[in-house]
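In the numbering used here, the protein residues as written are 1 to 291.
Using N, Cα and C, we set each Cβ at its ideal position, and we do this for glycine too.
Bear in mind the structure is a predicted one, so any value in this text is a computation, not a measurement.
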């Protein structure tokens with residue numbers, strides 16, 4: 001154990017060597033060590049008395065290692081049967097927030113779940129359950145969606161959103177649906193153009209508004225951008241008509257978790273294009289090829 005520690009410290013020290021050939025060999029060895037090297041690299045980056053070259057190289061390798069770790073997490077996610085939505089969101093948030101505290105995110109999500117759970121009971125209707133979710137989510141905790149076509153990357157980062165209670169409607173809606181499903185309330189995201197909405201599913205396939213059979217298995221729809229406003233499928237038809245978009249089935253029924261993560265990736269891409277972050281943009285474009 002001690003020898004491994006000394007070896008890693010020695011490798012990081014070699015980053016100061018001006019010989020580019022030595023640096024290429026050392027950087028490759030450090031990358032192969034993986035996340036075990038991050039503590040030592042971060043120590044170099046934070047020490048102002050070290051050379052600028054060493055800090056630059058340490059930062060570059062550190063980002064490469066973290067990105068590779070995210071890629072590995074997403075590869076495992078893609079190959080899994082569960083396709084845990086929260087885990088994929090956390091992994092993607094790490095690209096812009098490499099020091100994301102995953103334990104804190106899980107703790108905050110659990111507090112949300114608990115606060116909603118305390119208000120729910122077995123005798124509530126589907127509509128009453130959503131009223132509880134809206135009350136706890138938007139009033140008690142104060143979550144709210146950013147206005148307009150939001151390209152602020154921090155409004156997609158789940159750690160930042162849970163801290164500030166403000167985010168892109170996409171991530172707000174995803175958090176809302178995750179909490180609901182943890183509590184066995186079947187609410188899922190729909191990949192509607194330009195806006196993100198949710199569907200409260202119904203095993204009886206009947207609409208709350210018309211009492212007629214609903215071919216999509218949806219009881220009613222929820223708009224997280226308007227504090228959980230409830231509406232029916234006719235309003236989706238009207239919205240699509242305004243956009244001059246054909247009313248395909250996918251706009252009325254839940255998307256898969258893979259499709260939702262594809263949309264989440266696209267939102268990050270748009271943010272990178274807006275901010276001019278070419279490096280991160282390439283990363284998201286590469287990751288998108290996996291899904």
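Taking buried to mean at least 16 other C-beta atoms within 10 Å of its own C-beta, is residue 51 buried or exposed? exposed
Is there contact here, the stretch 17 to 37 with the stretch 58 to 72, by at least three beta-carbon pairs under 8 angstroms? yes
In chain order, which alpha helix (DSSP H) runs of at least 4 residues are fully inside the stretch 93 to 151? 102 to 117, 126 to 134
Please return the same chain residues whose Cβ sits closer than 7 angstroms to the Cβ of residue 40, not counting the five positions on each side in sequence. 8, 9, 12
Going by DSSP, what residues sit across from residue 201 in a beta bridge? 218
Assuming residue 187 is part of the beta strand (DSSP E), what are its boundary residues? 187 to 190
For residue 151, I'd like the list of residues in its chain whose CB is within less than 7 angstroms of its CB, leaving aside the five on either flank, ordered along the chain. 270, 271, 274
To the nearest angstrom, how far is it from the Cα of residue 285 to the Cα of residue 125? 43 angstroms
Excluding sequence positions up to five away, which residues of its chain have a Cβ less than 6 angstroms from the Cβ of residue 83? 257
So, helix, strand or coil for residue 280, using DSSP? helix
Apart from the five residues on each side of it in sequence, which residues of its chain come closer than 6 angstroms, Cβ to Cβ, to residue 196? 169, 170, 173
Can you check which of these residues, 283, 253, 280, 193, is closest to residue 245 by C-alpha distance? 193
Sheet register partners of residue 229 (DSSP bridge): 223
Grouping DSSP H, G and I as helix and E and B as strand, with all else coil, what is residue 165? coil
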